[in-house]
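Respectively, the protein sequence lines represent chains S and G.
131 is the number that our numbering gives to position 131 of the first sequence; each next residue is one higher, with no gaps.
To convert, count from 1 in the second sequence and add 1000; that's our numbering.
There are 2 protein chains.
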Amino acid sequence: MTEVKPMRADARRNYERLLEEAQRAFAEHGVEASLEDIARRAGVGIGTLYRHFPTREALLETLLRARFDAQADRARDLLTHAEPLAALQTWLAGLGDATGTFRGLVELTADALSDESSRLYASCHEMREAGSHLVERAQREGELRPDVTTNELLLLLHAASWAGGHLPGPGGMQRLLALVFEGLRAS
Amino acid sequence: MTEVKPMRADARRNYERLLEEAQRAFAEHGVEASLEDIARRAGVGIGTLYRHFPTREALLETLLRARFDAQADRARDLLTHAEPLAALQTWLAGLGDATGTFRGLVELTADALSDESSRLYASCHEMREAGSHLVERAQREGELRPDVTTNELLLLLHAASWAGGHLPGPGGMQRLLALVFEGLRAS
DNA sequence: TTAATATACGGAGGTAGCCTCCGATTGGCT
DNA sequence: AGCCAATCGGAGGCTACCTCCGTATATTAA
């Protein structure tokens, strides 16, 4: 329904160059990478960058949306998994990997979930909805404590992801997430 | 032993004005508060700020050191507490409050723990040493899973503190910390 | 092919923050 | 009072953000 005029050829070319360089820059320097640098490397004026992507978040969202949508799909798949708690844990691990794509991204997504005006809110929100079904199933079948909310779980995941980013080696987030699921008390 | 010439009167006056305004600014705007603004409000040139505190971290450390040292003392006190796990949990909660003093501080302290060259490293390190005795005791008495390291625990705490800062109301960190200790699995 | 026009480009310029450097100032001592 | 070391202040160079508008060009119609 939404009428989309095709982009002018030069516009489309610049748009794509910008996305390529943004991907590189964010991967290398984290979400705070210099926008002027991205424009420079894309061989484009800074004004052109801002016309295509009015905010840093808009740029990030374009780069991440597909990934986040895939994550929502994955949640729906996992609803048929035999073990509800394991399914939830698996899904959260995948989500943790997604928010670990760029250094500093966790902060943004964590904030986006509680800020409807955020550009990332939409993509994140759909993920949360899909995930909350996994949470409810695990609780309904008595595998997850019933007093935990989806928001709390996502926040714990973000926390683990954040912390994982502050550990030297890789795989930190996975280990921490496992700890959170299993609890610290000796059994 | 360390010979300390008394500061010149104007120097001491400026030093203290700077600390006052820094406290205000960090409390209001988080650790990224503008240093030029702090100098301005203190009625002092920016050069004077940098002479007294060569880095942002130096300024923060001066404001926080007493607090962190107190936290180390508290760890030593809690070693005599009857319940090792509860003692550990209490201590971590206190530490979480301390790193929640300024928005964005958790990131700094988490990084400081793995960066010896950091200005905050010393104060943090002493805390960790004190805390690790609480960890070891809880493990020795079989109340804490033996495969968790002090570093992991501190990181989990920082993570909870970080996440607490991304929740609307207060007390978020306490709730999350409790969840981490108790585990997510239904019992 | 050419002309008209909507579309898109680019970067100058204003703002703000970081940090350094050095000439001007002043506290404290004799 | 007068000296000098200690201290001050802020100009200046840098980077980054974001906006605005004169210029350039892709597209469409003639």
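Even glycine gets a Cβ: it sits at the ideal position worked out from N, Cα and C.
{"query": "Residues in the same chain with beta-carbon distance under 6 Å from residue 1026 of chain G, minus the five sequence neighbours each way, listed in chain order, please.", "result": "1033 and 1102"}
{"query": "When the Cα atoms are used, what is the spatial distance from residue 185 of chain S to residue 1037 of chain G?", "result": "47 Å"}
{"query": "Counting only runs that start and end within the segment 1117-1159 of chain G, where is the beta strand (DSSP E) found for 3 or more residues in a row?", "result": "none"}
{"query": "Taking only the alpha-carbon atoms, compute the straight-line gap between residue 86 of chain S and residue 107 of chain S and give it to the nearest angstrom.", "result": "26 Å"}
{"query": "Within 8 Å, do at least three Cβ pairs link the segment 66-86 of chain S to the segment 115-134 of chain S?", "result": "yes"}
{"query": "Using CA coordinates, which residue listed in G:1098, G:1181 and G:1042 is at the minimum distance from residue 1162 of chain G?", "result": "G:1098"}
{"query": "So that I know if they touch, is there some Cβ in chain G lying closer than 8 Å to that of residue 183 of chain S?", "result": "yes"}
{"query": "Output the distance between the C-alpha atoms of residue 57 of chain S and residue 24 of chain S, rounded to the nearest integer angstrom.", "result": "16 Å"}
{"query": "Run through DSSP, which three-state label would residue 1185 of chain G get?", "result": "strand"}
{"query": "Span of the alpha helix (DSSP H) holding residue 53 of chain S?", "result": "Counting along the chain, residue 53 of chain S falls outside any alpha helix (DSSP H), and DSSP gives it neither H nor E."}
{"query": "When DSSP labels each residue in this structure, what does residue 167 of chain S get in the three-state scheme?", "result": "coil"}
{"query": "Where does the unbroken alpha helix (DSSP H) through residue 106 of chain S begin, and where does it stop?", "result": "105-112"}
{"query": "Pop quiz: residue 95 of chain S and residue 157 of chain S are said to be a contact at Cβ under 8 Å. What is the actual Cβ separation, rounded to whole angstroms?", "result": "6 Å"}
{"query": "For residue 120 of chain S and residue 42 of chain S, I'd like the C-alpha separation in whole angstroms.", "result": "24 Å"}
{"query": "Between residue 30 of chain S and the rest of its own chain, which residues show a CB-CB distance below 6 Å, the 5 nearest in sequence each way excluded?", "result": "102, 103 and 104"}
{"query": "Skipping 5 residues on each side, what residues in its chain have a beta carbon closer than 8 Å to that of residue 179 of chain S?", "result": "none"}
{"query": "Just mark residue 1123 of chain G as buried or exposed, buried being the case when its beta carbon has 16 or more other beta carbons within 10 Å.", "result": "buried"}
{"query": "Within its chain, find whatever has a CB closer than 6 Å to the CB of residue 1084 of chain G; leave out the 5 residues flanking it on each side and keep chain order.", "result": "1137, 1138, 1141 and 1143"}
{"query": "How many whole angstroms separate the CB atoms of residue 70 of chain S and residue 126 of chain S, which I take to be in contact at a CB cut-off of 8 Å?", "result": "That pair is no contact at about 11 Å."}
{"query": "Just the C-alpha distance for residue 1165 of chain G and residue 1109 of chain G, rounded to the nearest angstrom, thanks.", "result": "15 Å"}
{"query": "Are the CB atoms of residue 168 of chain S and residue 1118 of chain G nearer to each other than 8 Å?", "result": "no"}
{"query": "Within this structure, are the beta carbons of residue 1128 of chain G and residue 1154 of chain G separated by less than 8 Å?", "result": "yes"}
{"query": "Quick test of your reading: residue 943 of chain G and residue 1177 of chain G, contact by CB under 8 Å. State the CB separation rounded to the nearest angstrom.", "result": "Because chain G is modelled from 1001 through 1187, residue 943 of chain G falls outside the range shown and cannot be assessed."}
{"query": "Tell me the residue span of the alpha helix (DSSP H) that contains residue 40 of chain S.", "result": "35-41"}
{"query": "Taking the C-alpha atoms as reference points, what is the distance between residue 1183 of chain G and residue 1112 of chain G?", "result": "28 Å"}
{"query": "Anything in chain G within Cβ reach of residue 111 of chain S, meaning under 7 Å, just list it in chain order.", "result": "1166"}
{"query": "Using a cut-off of 7 Å between C-beta atoms, extract the partners of residue 1160 of chain G located in chain S.", "result": "159"}
{"query": "With 8 Å set as the bound, which would you pick, yes or no: does the beta-carbon of residue 1163 of chain G sit closer than that to a beta-carbon of chain S?", "result": "yes"}
{"query": "If you count every other CB in all the chains shown that lies within 10 Å of the CB of residue 1173 of chain G, and 16 or more means buried, which is it?", "result": "buried"}
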